[in-house]
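With numbering that gives the first Met the number 0 applied, the sequence shown corresponds to residues 0 to 383, in that order.
The C-beta atom is built at its ideal place from N, Cα and C for all residues, glycine as well.
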Amino acid sequence: MSTDYDVVVVGAGIFGSCTAYNCQKIGLKTLLLEQFELGHKNGSSHGKSRITRYAHTEVEYVDLVGDAYNQIFELERIRGEKLWKKTGLLWVSTGNEVEKIHTNLKLKGIKHEVIKGTEVGKRYPQFKFDDSWNGLIDPMGGVIYADKWLNAFRDEFKKIGGIIHDREIVLSHSEISNNLFVTTNKSRYSSKKIIFTVGCWITKFLPDLKFNIEPISISVCYWKTKNESDSHLLNEDHYPVVIAQEMDLQVFHYSLPDTDYPGSMKFCYHFGDALTQDLAHPAQRSQRCIDLPAKFIQKYMPVVDGSAPTRIDKCIYTNSPDDHYIIGTIPTKNPNILVGGCGSGSGFKVAPGIGKALAEMAAGKKTTVDVSFFSANRFKPSKI
Ligand SMILES: Cc1cc2nc3c(=O)[nH]c(=O)nc-3n(C[C@H](O)[C@H](O)[C@H](O)COP(=O)(O)OP(=O)(O)OC[C@H]3O[C@@H](n4cnc5c(N)ncnc54)[C@H](O)[C@@H]3O)c2cc1C
Numbered sequence: 000m001s002t003d004y005d006v007v008v009v010g011a012g013i014f015g016s017c018t019a020y021n022c023q024k025i026g027l028k029t030l031l032l033e034q035f036e037l038g039h040k041n042g043s044s045h046g047k048s049r050i051t052r053y054a055h056t057e058v059e060y061v062d063l064v065g066d067a068y069n070q071i072f073e074l075e076r077i078r079g080e081k082l083w084k085k086t087g088l089l090w091v092s093t094g095n096e097v098e099k100i101h102t103n104l105k106l107k108g109i110k111h112e113v114i115k116g117t118e119v120g121k122r123y124p125q126f127k128f129d130d131s132w133n134g135l136i137d138p139m140g141g142v143i144y145a146d147k148w149l150n151a152f153r154d155e156f157k158k159i160g161g162i163i164h165d166r167e168i169v170l171s172h173s174e175i176s177n178n179l180f181v182t183t184n185k186s187r188y189s190s191k192k193i194i195f196t197v198g199c200w201i202t203k204f205l206p207d208l209k210f211n212i213e214p215i216s217i218s219v220c221y222w223k224t225k226n227e228s229d230s231h232l233l234n235e236d237h238y239p240v241v242i243a244q245e246m247d248l249q250v251f252h253y254s255l256p257d258t259d260y261p262g263s264m265k266f267c268y269h270f271g272d273a274l275t276q277d278l279a280h281p282a283q284r285s286q287r288c289i290d291l292p293a294k295f296i297q298k299y300m301p302v303v304d305g306s307a308p309t310r311i312d313k314c315i316y317t318n319s320p321d322d323h324y325i326i327g328t329i330p331t332k333n334p335n336i337l338v339g340g341c342g343s344g345s346g347f348k349v350a351p352g353i354g355k356a357l358a359e360m361a362a363g364k365k366t367t368v369d370v371s372f373f374s375a376n377r378f379k380p381s382k383i
């Protein structure tokens with residue numbers, strides 16, 4: 000029996016868009032299905048900006064980031080379009096994270112610099128830390144133009160023959176004599192492989208995943224300077240992308256220049272509130288999502304007005320039990336079904352690398368980057 004497609008990719012967020020592009024690119028006839036209209040804001044991939052960086056506390060991320068940079072350089076070249084801005088990353092911590100990252104980057108031969116807390120303010124006048132803080136500068140860190148990445152991967156996918164159907168919801172999948180079938184509200188497709196890149200909907204879609212996946216509503220807060228005359232300090236030419244960890248309080252933040260809304264930089268608490276059973280944002284956010292970044296800004300960012308955010312947007316994190324991604328097969332599932340998910344708050348930058356790895360797996364090839372660290376097998380079989 001012939002099949003309609005080599006691969007059906009379910010979900011056209013950044014994971015699915017990068018996966019579909021890479022599948023088609025290596026010669027697999029690919030269909031990408033999305034339940035909403037492209038450009039929707041109901042998942043995790045909307046908005047204008049995300050952070051990219053080599054700096055990670057786990058060394059296994061570094062090559063995936065490198066693969067993503069290479070794909071982006073290539074897309075920039077063929078499209079003649081800027082897809083990111085190199086601002087440098089500033090990572091500050093009161094714990095030993097800087098030491099861990101330094102070890103990882105040194106091992107991988109990635110250029111970086113370790114500085115004392117008091118040195119940070121000399122480089123970046125937006126901040127003031129004492130020497131209980133450590134800093135690391137990753138010069139390749141920068142702002143991802145998120146909406147442009149999404150558009151570029153979908154557009155290039157279509158140019159090389161890929162097919163996207165949006166407003167088509169996948170209702171179920173089944174297996175009949177070695178063929179997989181995907182049933183939607185509009186049609187039924189046969190395929191050799193199915194790749195689920197469904198973000199937080201993974202909890203609805205693969206309910207038999209027994210490990211705990213946590214979708215979280217994130218309040219994305221924006222802040223302006225106290226004085227209008229300092230507002231340039233928040234733009235991409237002056238403000239780095241930032242990760243700040245108050246390890247003693249177990250509070251983590253991240254920050255980006257004013258790419259989304261001119262004059263207001265993004266500064267957010269790296270956690271939030273549980274989504275409802277229907278995967279909707281809760282009616283009320285907890286006050287700590289605003290109070291924690293406000294406190295940090297008031298204490299460590301003298302030029303920024305920490306009294307109240309200028310606006311608050313919403314987005315969804317999907318976290319696995321250990322906060323690392325899931326890439327590949329699921330132990331209890333048909334091996335022709337693959338999953339790319341649990342992007343947590345950090346998956347955008349590596350989505351091209353994840354997409355390529357999934358495409359290579361679907362084609363039965365060895366992956367360019369070793370992604371075994373992200374295999375779902377790491378969760379104990381008794382929990383699956
Ligand atoms: C506030 C915030 C800040 C972040 N900051 C960063 C950052 O600085 N750097 C970074 O690298 N990452 C960051 N991330 C993480 C990154 O954005 C996510 O990891 C990434 O967007 C996840 O993409 P996804 O494709 O897995 O999910 P989604 O974007 O949610 O895509 C899943 C898609 O599947 C579709 N779908 C679901 N079910 C079905 C169905 N049955 N049929 C058809 N389609 C279906 C959905 O409609 C959706 O479009 C951040 C995330 C948030 C929320």
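Assuming residue i and residue j are in contact, meaning their beta carbons sit under 8 Å apart, how far apart are those beta carbons, in whole angstroms?
i: residue 316; j: residue 343; result: 6 Å
i: residue 216; j: residue 280; result: 4 Å
i: residue 385; j: residue 289; result: This structure gives no information on residue 385, because the portion of the chain shown stretches from 0 to 383.
i: residue 235; j: residue 258; result: 6 Å
i: residue 111; j: residue 135; result: 6 Å
What would DSSP say about residue i, mapped onto helix, strand or coil?
i: residue 164; result: strand
i: residue 57; result: coil
i: residue 359; result: helix
i: residue 237; result: coil
i: residue 199; result: helix
i: residue 279; result: coil
i: residue 265; result: strand
i: residue 111; result: coil
i: residue 255; result: strand
i: residue 64; result: helix
i: residue 384; result: Given a span of 0 to 383 for the chain in the structure shown, any question on residue 384 remains unanswerable.
i: residue 169; result: strand
i: residue 353; result: helix
First and last residue of the alpha helix (DSSP H) that includes residue i?
i: residue 292; result: 287–299
i: residue 5; result: Unbroken run through residue 5 is the beta strand (DSSP E), 4–9; no alpha helix (DSSP H).
i: residue 14; result: 13–24
i: residue 116; result: 116–122
Per DSSP, residue i is paired with what?
i: residue 43; result: None, per the DSSP bridge assignment.
i: residue 92; result: 133 and 244
i: residue 144; result: 48
i: residue 179; result: 174 and 190
i: residue 303; result: 224
i: residue 213; result: 318
i: residue 84; result: 142
i: residue 326; result: 339
i: residue 218; result: 313
i: residue 250; result: 245
For the beta strand (DSSP E) containing residue i, list its first residue and its last residue.
i: residue 312; result: 310–318
i: residue 372; result: Looking at the DSSP string, residue 372 is not in any beta strand (DSSP E), and its letter there is neither H nor E.
i: residue 30; result: 29–32
Counting Cβ pairs closer than 8 Å, one from the segment 83–98 and one from the segment 187–207, do we hit at least three?
-> Flag = no, the segment 83–98 and the segment 187–207 do not touch.
Mind the definition here: the segment 69–83 touches the segment 118–135 only if three or more C-beta pairs lie below 8 Å; say whether that holds.
-> The answer is no - the segment 118–135 does not touch the segment 69–83, with fewer than three Cβ pairs under 8 Å.
Cβ pair count under 8 Å reaching 3, the segment 0–15 against the segment 182–195 = Flag = yes, the segment 0–15 and the segment 182–195 touch.
Inspect the CB distances between the segment 139–153 and the segment 35–54 and report whether three or more fall short of 8 Å.
-> Using a Cβ-Cβ distance cut-off of 8 Å, the segment 139–153 and the segment 35–54 are in contact, since at least three pairs of beta carbons, one from each stretch, lie closer than that value.
Indicate whether the contact test is met: 3 or more Cβ pairs, each with one atom in the segment 305–322 and one in the segment 36–46, closer than 8 Å.
-> Output reads yes: the segment 36–46 touches the segment 305–322.
Contact the segment 237–257 vs the segment 349–364: 3+ CB pairs below 8 Å = In short, these stretches do not touch, since the Cβ pair count stays below three.
Should the segment 103–118 be regarded as contacting the segment 172–189, the criterion being three or more beta carbon pairs within less than 8 Å?
-> Below 8 Å, too few C-beta pairs join the segment 103–118 and the segment 172–189 to call them touching: fewer than three.
Is the number of C-beta pairs between the segment 146–165 and the segment 319–328 that are closer than 8 Å three or more?
-> Three or more beta-carbon pairs separated by less than 8 Å are not found between the segment 146–165 and the segment 319–328, which leaves the two stretches without contact.
Should the segment 179–191 be called in touch with the segment 330–341, which here means at least 3 C-beta pairs below 8 Å?
-> At 8 Å Cβ cutoff, the stretches touch.
Check whether the segment 15–23 touches the segment 154–170, taking contact to mean three or more Cβ pairs, one atom from each stretch, closer than 8 Å.
-> Yes: the two stretches touch, three or more of their Cβ pairs being nearer than 8 Å.
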